[in-house]
Each structure stands twice: as structure tokens, then as C-alpha cells.
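In full-length UniProt numbering, the protein residues as written are 1 to 311.
Structure below.
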């Protein structure tokens with residue numbers, strides 16, 4: 001049995017998030033963090049369909065997207081520690097980081113705010129004829145935001161090269177999806193914009209990649225936006241410190257049986273299981289090396305506090 005191509009990258013994201021949570025508990029990470037444990041297959045599968053120059057915009061739960069796009073691990077840890085990282089100099093922390101060099105437009109803590117930003121990137125690509133596609137990830141709750149509607153309508157009218165990925169983990173913060181919308185699937189709303197909408201298994205990177213390849217090709221050839229709804233589940237709270245009292249007993253345990261890494265493990269024979277163990281060990285070493293390197297990055301010079309401030 002061959003080693004699944006995406007296992008290493010998904011394991012890297014999982015271990016990064018787990019290590020980040022431990023650093024947060026140890027007091028090395030300021031502020032709150034929003035982890036994507038369990039949702040790794042969505043960014044990994046989606047980014048497989050992209051090429052250099054394609055832009056990605058994410059939410060405050062966007063660490064997995066940054067890693068899938070190739071953003072440096074040491075830079076990510078250093079940024080979230082508030083150190084003078086090569087990414088944003090410690091100013092972005094967890095929910096605002098970006099890396100233009102890896103075409104990662106960045107995260108945003110305002111629900112849905114990444115969609116108009118990504119629409120702007122798509123408009124730029126169309127105007128300049130670059131051939132680039134703009135991909136934006138949002139949570140299911142963001143589909144009720146007015147700025148998402150406005151941006152999608154504009155993108156549809158102008159046939160912009162935009163792909164909207166809805167990571168539907170069935171919770172809008174602490175509210176179940178059925179308490180927030182009447183439609184069975186959020187992708188049904190695509191018809192209201194005259195766009196194609198597709199629902200995929202968000203715990204299967206191959207399914208995500210196949211749907212994204214279709215949407216990205218459509219956008220790149222000038223046929224306009226698409227919506228891809230990836231059904232998934234988070235294994236952790238909405239934010240660090242969330243005790244998840246709102247989730248029914250047994251729900252998280254059941255989700256752990258369906259999450260992408262567990263699926264691969266469950267299907268593995270003895271030989272593959274041994275190779276997966278080796279990959280996990282290599283990833284753990286990689287993450288620890290990045291943490292060590294990040295701790296060596298100095299904190300920003302207080303004299304630079306007013307730099308990059310616009311009034």
C-alpha cells in the first residue's frame with residue numbers, strides 16, 4: 001500500500017496546531033488562537049489544485065491554509081510568539097498573518113471579511129490578465145454576512161476568477177448550522193448568484209482536490225466563480241479555552257473516527273502503518289526544530305511600534 005501523498009502535509013498541520021496549543025498553555029503565545037484540528041484535508045486538497053501566483057485568503061482559523069501554501073514554519077511560530085518574524089514582524093500574531101511571497105493574502109478576524117479582499121485580488125488578476133485565481137476560505141457562519149453576499153454578487157456579475165471554499169464544520173462559533181440557516185447545504189445558495197455550487201467530503205483531500213480542480217479551471221478560463229462546500233468537523237473548541245459544553249456527548253469522539261488522519265491510519269496495512277509512524281516522527285522533529293528556531297528570533301524593537309500604522 002502506497003503512502004498517501006497528502007499524509008505528511010496534513011500531519012504537519014496537525015502537529016503544528018497541537019504544538020501551538022501547548023505553547024499557548026505555557027504562556028508563550030499571547031492572545032487567543034483558533035485551531036483547525038480535524039479540518040486539515042480542506043486546505044491540503046484545495047491547495048493541490050493551485051499553482052504559483054494563485055492567491056489564498058483565509059479566516060482566523062487559517063494556519064492550515066498558510067502551511068498548505070508553503071509558509072515557513074519558523075516564521076509562523078515566531079509571528080505567533082510576537083517576535084520579529086520575517087512574516088509580519090510580530091504584529092499579526094495568530095489571526096492576521098500573511099505572506100505575499102507565498103501568495104497567502106492572509107487571515108482576518110472579521111467574519112466573512114476575507115471574501116471582499118479575495119474578490120479584489122480576483123479583480124486585479126482579471127484586469128492585469130495574469131491568469132491567477134483567487135481562493136478564499138470561510139466558515140459556515142460567514143455565509144450569513146452581508147459582505148460575503150455583496151462580494152459574491154460582484155464576482156458573479158464580473159465573472160471574476162474566484163473560488164469560495166466554505167469549510168462547514170456545522171458550528172457557527174457555538175451555534176449548530178441548522179439553527180442558523182434553512183437550506184440543507186450552503187452550496188445551494190450558489191444558484192442565487194448564477195454560480196455552480198458543489199458539496200464534497202471535507203475529510204477526504206482527494207475529493208476536495210477534485211472539486212477544486214474543476215472550480216479553479218473554470219475560474220482560470222474566464223467562466224467565473226464557484227462555491228465548494230467542504231463538510232468537515234473540528235476536533236477542538238472554537239477558540240483556545242472553549243470547553244465545548246454545547247456539543248452533545250460523544251460527538252467529538254465520533255468525529256475523531258472520521259477525521260482525515262484517522263481514516264488513513266484505519267485503512268493502513270502493517271507496512272504502511274510503520275511508514276506513517278516514521279513520517280509522524282519526522283514531522284515532530286521538524287516542528288520542534290521550528291519552535292527552537294522561533295524562540296531564537298528577537299522581539300521587535302519598541303522604537304518601531306509606530307511603523308506600518310495608517311491613520
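The beta-carbon is built from N, C-alpha and C at its ideal position, and this holds for glycine as well. Treat the numbers as computed from the prediction; the structure is a model and nothing was measured.
According to the neighbour-count rule (16 or more other Cβ atoms, all chains shown, within 10 Å of its Cβ), is residue i buried or exposed?
i	result
residue 109	exposed
residue 309	exposed
residue 79	buried
residue 232	buried
residue 209	buried
residue 230	buried
residue 187	buried
residue 179	exposed
residue 106	buried
residue 285	exposed
residue 27	exposed
Please report the distance separating the alpha-carbon of residue i from that of residue j.
i	j	result
residue 219	residue 226	8 Å
residue 173	residue 88	27 Å
residue 131	residue 148	23 Å
residue 69	residue 56	8 Å
residue 129	residue 47	21 Å
residue 304	residue 91	11 Å
residue 156	residue 278	46 Å
residue 190	residue 116	16 Å
residue 307	residue 86	15 Å
residue 76	residue 65	12 Å
residue 19	residue 291	9 Å
residue 152	residue 207	24 Å
residue 287	residue 13	10 Å
residue 280	residue 185	35 Å
Rank the options by C-alpha distance to the C-alpha of residue i and give the top, closest one.
i	options	result
residue 237	29, 221, 171 and 50	171
residue 51	102, 13, 262 and 306	102
residue 29	93, 71, 47 and 261	93
residue 228	256, 216 and 25	216
residue 32	259, 41 and 95	95
residue 82	311, 307, 306 and 300	300
residue 221	125, 18 and 36	125
residue 143	135, 164 and 134	164
residue 15	307, 302, 282 and 295	282
residue 242	21, 4 and 293	21
residue 6	265, 99 and 302	265
residue 194	185, 154, 182 and 177	154
residue 200	183, 61, 11 and 166	166
Cutting at 6 Å between CB atoms, please list the residues of its own chain near residue i, excluding the five before and the five after it.
i	result
residue 1	For residue 1, the predicted model reports a pLDDT of 46, less than 50, meaning its position is unreliable and no value from the coordinates is stated.
residue 24	33 and 240
residue 169	232, 233 and 234
residue 71	99, 102 and 104
Below 8 Å CB to CB, which residues in the same chain sit around residue i once its five sequence neighbours on both sides are set aside?
i	result
residue 133	50, 54, 55, 122, 125, 161, 162, 163, 216, 219 and 220
residue 204	41, 45, 260 and 263
residue 67	9, 12, 13, 16, 43, 73 and 76
Sorted by chain position, which residues of the same chain lie with C-beta nearer than 7 Å to residue i's C-beta, five sequence neighbours on each side aside?
i	result
residue 113	147
residue 38	232, 233, 234, 235, 255 and 259
residue 317	Here the chain has residues from 1 to 311 only, and residue 317 is not among them.
residue 213	49
residue 176	170
- Task: Report the residue ranges of all beta strand (DSSP E) runs contained in full by the region 170-252; include only those spanning at least 3 residues, in chain order.
- Result: 197-201 and 226-231
- Tell me the start and end of each unbroken alpha helix (DSSP H) in the region 28-55 that is at least 4 residues and wholly inside, in chain order. 41-48
- Message: Could you tell me which whole beta strand (DSSP E) segments of length 3 or greater appear in the region 58-140?
- Response: Taking only runs of at least 3 residues, the beta strand (DSSP E) segments lying wholly in the region 58-140 are 104-106 and 134-139.
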